[in-house]
Ligand code: C2E
Ligand code: MG
Ligand code: MG
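Residue numbers (this note's numbering): 1 to 706.
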């Protein structure tokens, strides 16, 4: 039977009724339908009806129980199989009311007895069907919308029922868990959503149970890892929220989770940065302190020892300045790699900053083991470092401290290794030293001396003593050397060998040196004014002072102030000054020479001056170091060396002064070698100005008899 045109916007009703009279009644009853557009499609048989349902966009069905091709419930079963979602109104004879009720029990929406097939009842029943369809469609659309929403958010969403069985997963949850929604449905949550504690790797508490139990949103344990169905692990963050029905009863829970692997990795990277040196990627001071504290605790529990090695590159600053920081950086990286290769993986190599590295040997048998490692480090780092086109040769100094022997406090151990390292440097570098308690005293002494040296000049604690220099041939005094003394109020006189290195270390050598120079020039002039013999004064200048900015200007000013003629001033420099800064050293020396100031090389023979070098500088005097003079009467190399220096001096037209002459035997040797001048206790000790003035008047007695 033909169907009327289906409307797009309105409802479409399929009427599957065999009896023409009944169809007529229905048509009449719906003739002036008012509930919006309604298309009616007619079918006389079940087959035609099913055809309609399959093809058409039907909203609701009116189904007779007696059809030419089907009797009873079978018709309904066929219809509901063909279109399970459609509401069906059963039209039945009174005698079939039982069947109609069975149909309703199996999903039909309602039934109407043919005896009630009046306009009012039919319309009401059909309106009910159409409305129900509309509600279901709206629900379906709502569900679709929710579904799309859930699938479009980046988080995974899972829901469970009250028993903790999975009821739903969105697309992200499917991807993250590796379970498809259909497979997961009905399974226990723990099977689908398998989580463990990232640290202990024990199963983590599932937040869902707690959310249901306590009826509140629950966050997840920190550092949670989800194990996907295929075993892949990912760091997650999640929360669970209870679901309520309309009456407020909890019916299940929704779990929302997010893959935070990337974020957690980023935070791990940040923490790595905070604990490592960016240049070498070695642990930094922070991490070392932490590891050291742990290692001390562990070693303490097991009655074992550990060692701290303080490693410092010798003359690094010089290399860094001369080769450029890029090469300096690469050298540090090369050192880091070699250090790491020298120790066990359980040990820690850290960079403290600059050229300082600290190695923690977390477990050693005896103190000797640390010394062995220190030796290995020194050897390994001495191998050439090939950096681009540079082949660098370096040495390191290493200080060793051992716990518990030298302390059980991280800071203390590091400080003591540092002290030992400093000691190794003092001993000549390229070596290691193990901490001993007297080193500590020395460093402590150094610190306290430095503090009191700060105000020594202002407190007039610095004095100048004078020592005569003799002509070995005639026995005449030919000059005198100014030697500084620090008259410490508590410790008594402190010799320059003790305080000059400290003054050099803290820069105080510049004002102290200036003061000694000024005082010596003033004194020399004063003695001349008093009618004493006019003799040159020799003043020591340390390399540090010589290189300081205002040095030349200072000398000129002091000569002017003191009115001492420049030929009565001689400056004593060590070989080191000549070795270091070629060009500017020569310029300064020539300027001094031009001023008329005499120049002497002190402690000659101790440094590495080559003859060609000596030639370049306007030197007047070579002072032979006293260590050679003391040995001169023994069967050692000393005599030939002194003799060589004397001939060098002669060939370069330089005077030669033997320092530290203590005995008549030494004097006789020097005279026999043709040494021109001498200085030493044999003639006169360094004396305070007032005493020395008397020596100038009387002449030393010894020389007269010599
Ligand atoms: P130096 O310039 O070689 O001075 C000679 C040192 O030998 C002096 O030591 C002197 O007291 C000592 N001496 C002299 N005759 C003998 C002897 O027969 N036997 C022995 N064993 N020693 C003798 P001092 O005064 O302790 O000075 C040590 C060094 O300190 C000096 O060595 C000098 O390099 C430095 N110095 C002294 N005064 C000053 C100063 O004002 N400024 C700077 N920069 N350095 C200074
Ligand atoms: Mg000297
Ligand atoms: Mg000397």
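Glycine residues also receive a C-beta, built at the ideal position from the N, C-alpha and C atoms.
Coil, strand or helix - residue 608 by DSSP
The residue labelled residue 608 in the question sits at position 608 within the chain shown. Reliability fails at residue 608, whose pLDDT of 49 lies under 50, so the model's placement of it is uncertain and no value is given.
Sequence ranges, beta strand (DSSP E) only - wholly within the segment 264-352, length at least 3:
Assignment of beta strand (DSSP E) within the segment 264-352, counting only whole runs of 3 or more residues, yields 305-313 in chain order.
So what does DSSP say about residue 506, is it helix, strand or coil?
Stepping through the chain shown from its first residue, residue 506 is reached at position 506. Of the three classes helix, strand and coil, the one that applies to residue 506 here is helix, per DSSP.
Going by DSSP, what residue range makes up the alpha helix (DSSP H) through residue 698?
Taking the chain shown and counting its residues from 1, the one referred to as residue 698 is at position 698. Residues 689-698.
Identify every residue that forms a DSSP beta bridge with residue 234.
Residue 234 sits at position 234 when you count from the first residue of the chain shown. In DSSP, residue 234 forms a bridge with 226.
At a threshold of 7 Å, does residue 355 count as lining ligand 2 (C-beta to nearest heavy atom)?
Position 355 of the chain shown, counted from the first residue, corresponds to residue 355. Set against 7 Å, the gap from the CB of residue 355 to the closest heavy atom of ligand 2 is not smaller.
To which residues of the same chain is residue 665 closer than 8 Å at the C-beta, ignoring the five residues directly before and after it?
Numbered from its first residue, the chain shown carries residue 665 at position 665. Listed in chain order, the non-local C-beta contacts of residue 665 below 8 Å within the same chain comprise 633, local neighbours out to five positions each way being set aside.
Would you check if there are 3 or more beta carbon pairs closer than 8 Å linking the segment 390-402 to the segment 423-430?
Short answer: they touch.
For residue 534, the three-state DSSP class (helix, strand or coil):
Mapped onto the chain shown, residue 534 falls at position 534. Residue 534 falls in the coil class under three-state DSSP.
Is residue 602 near ligand 5, in the sense that its beta carbon is under 7 Å from a heavy atom of that ligand?
Because ligand 5 does not appear in the structure shown, any question about it cannot be addressed here, the ligands present being ligand 1, ligand 2 and ligand 3.
If you follow the beta strand (DSSP E) that residue 422 is in, where does it begin and where does it stop?
Here residue 422 is taken as the residue at index 422 of the chain shown, counted from 1. First-last for residue 422: 410-426, but that is the alpha helix (DSSP H), not the beta strand (DSSP E).
Quick check on residue 430: does DSSP put it in helix, strand or coil?
For this step, residue 430 is matched to residue 430 along the chain shown. Coil.
Please list the segments of the alpha helix (DSSP H) lying wholly inside the segment 615-641, counting only runs of 4 or more residues, in order along the chain.
Counting only runs of 4 or more, we get 626-631.
How is residue 41 classed by DSSP in three states: helix, strand or coil?
On the chain shown, position 41 is the one that residue 41 refers to. Note: residue 41 maps to strand in three-state DSSP.
For the beta strand (DSSP E) holding residue 75, just list the boundary residues, first then last.
One-based indexing of the chain shown puts residue 75 at position 75. In the DSSP assignment, residue 75 falls outside any beta strand (DSSP E) and lies within the alpha helix (DSSP H) extending over 73-82.
Can you name the start and end residues of the beta strand (DSSP E) that residue 197 belongs to?
Against the chain shown, residue 197 aligns to sequence position 197. It spans 194-197 - the beta strand (DSSP E) in which residue 197 sits, taken as one unbroken run.
With a threshold of 7 Å (Cβ to nearest heavy atom), would residue 481 be considered close to ligand 1?
The residue labelled residue 481 in the question sits at position 481 within the chain shown. Residue 481 Cβ: within cutoff of ligand 1.
Contiguous alpha helix (DSSP H) assignments of at least 4 residues, all confined to the segment 107-157
Taking only runs of at least 4 residues, the alpha helix (DSSP H) segments lying wholly in the segment 107-157 are 119-152.
Proximity to residue 421 [Cα-Cα], best of 668, 544, 265, 440
The residue labelled residue 421 in the question sits at position 421 within the chain shown. It is 440.
Nearest candidate by alpha-carbon position, reference residue 499, set 19, 167, 362, 454:
Mapped onto the chain shown, residue 499 falls at position 499. Minimum Cα distance to residue 499 is reached at 454.
Residues bridged to residue 540 by DSSP?
The residue given as residue 540 occupies position 540 in the chain shown. Beta-bridge pairing by DSSP links residue 540 to 572.
Rounded Cβ spacing between residue 284 and residue 350 (contact assumed at less than 8 Å)
Sequence index remark: in the chain shown, residue 284 carries index 284 (1-based). Sequence index remark: in the chain shown, residue 350 carries index 350 (1-based). Contact flag correct, Cβ pair sits at about 6 Å.
Residue burial classification, residue 435 (beta-carbon count within 10 angstroms, cutoff 16):
By one-based count along the chain shown, residue 435 stands at place 435. Burial call: buried.
Take residue 503 and list the residues in its own chain whose beta-carbon comes closer than 7 Å to its own, dropping the five residues that flank it on each side.
Within the chain shown, numbered from 1, the residue matching residue 503 stands at position 503. Excluding residues within five positions, the ones whose Cβ falls inside 7 Å are 453, 509, 512.
Is residue 18 closer than 8 Å to residue 45 when the C-beta atoms are compared?
Your numbering for residue 45 matches position 45 in the chain shown. Your numbering for residue 18 matches position 18 in the chain shown. Going by C-beta atoms, residue 45 is nearer than 8 Å to residue 18.
Nearest to residue 584 by alpha carbon, out of 549, 567, 560?
As a working note, residue 584 is residue 584 in the chain shown. Residue 549 is the option with its Cα nearest to residue 584.
Measuring only from the beta carbon, is residue 363 closer than 7 Å to any heavy atom that is part of ligand 1?
Here residue 363 is taken as the residue at index 363 of the chain shown, counted from 1. Answer for residue 363: no, Cβ out of range of ligand 1.
How many Å lie between residue 38 and residue 10 at the Cα?
Position 38 of the chain shown holds residue 38. Position 10 of the chain shown holds residue 10. Taking the Cα positions, residue 38 is about 6 Å away from residue 10.
Whole angstroms are fine: how far does the CA of residue 445 sit from the CA of residue 491?
Counted from its first residue, the chain shown places residue 491 at position 491. Counted from its first residue, the chain shown places residue 445 at position 445. Whole-angstrom Cα-Cα distance: 12 Å.
Reduced DSSP secondary structure (H/G/I, E/B, other) of residue 209:
Translated into the one-based positions of the chain shown, residue 209 becomes position 209. Helix at residue 209.
Cβ shell of residue 93 (< 6 Å), same chain only, five flanking positions each side left out
As a first step, residue 93 is located in the chain shown; it is residue number 93 there, counting from the start. Taking residue 93 as the centre and dropping the five residues before and after it, the same chain places the C-beta of 114 closer than 6 Å to its C-beta, in chain order.
Outcome for residue 669 when other beta-carbon atoms lying within 10 angstroms are tallied against a minimum of 16
For the purposes of this step, residue 669 is identified with residue 669 of the chain shown, where counting begins at 1. It is buried - the Cβ of residue 669 has at least 16 other Cβ atoms within 10 Å.
Nearest-angstrom Cβ-Cβ length linking residue 370 and residue 408, presumed shorter than 8 Å
Looking up residue 370 in the chain shown gives position 370. Looking up residue 408 in the chain shown gives position 408. Actually they do not touch by this definition, with Cβ atoms about 16 Å apart.
Measure the alpha-carbon distance for residue 631 versus residue 388 and round it to whole angstroms.
Counting from 1 along the chain shown, the entry for residue 631 is found at position 631. Counting from 1 along the chain shown, the entry for residue 388 is found at position 388. Using only the alpha carbons, I get a separation of about 48 Å.
Would you say the beta carbon of residue 677 comes nearer than 7 Å to a heavy atom of ligand 2?
Translated into positions along the chain shown, residue 677 becomes position 677. In this structure, residue 677 has its beta carbon at no less than 7 Å from each heavy atom of ligand 2.
Just to confirm my understanding: we take residue 365, look at its own chain, exclude 5 residues before and 5 after, and list those with CB closer than 8 Å. What are they?
Position 365 of the chain shown, counted from the first residue, corresponds to residue 365. 305, listed in sequence order.
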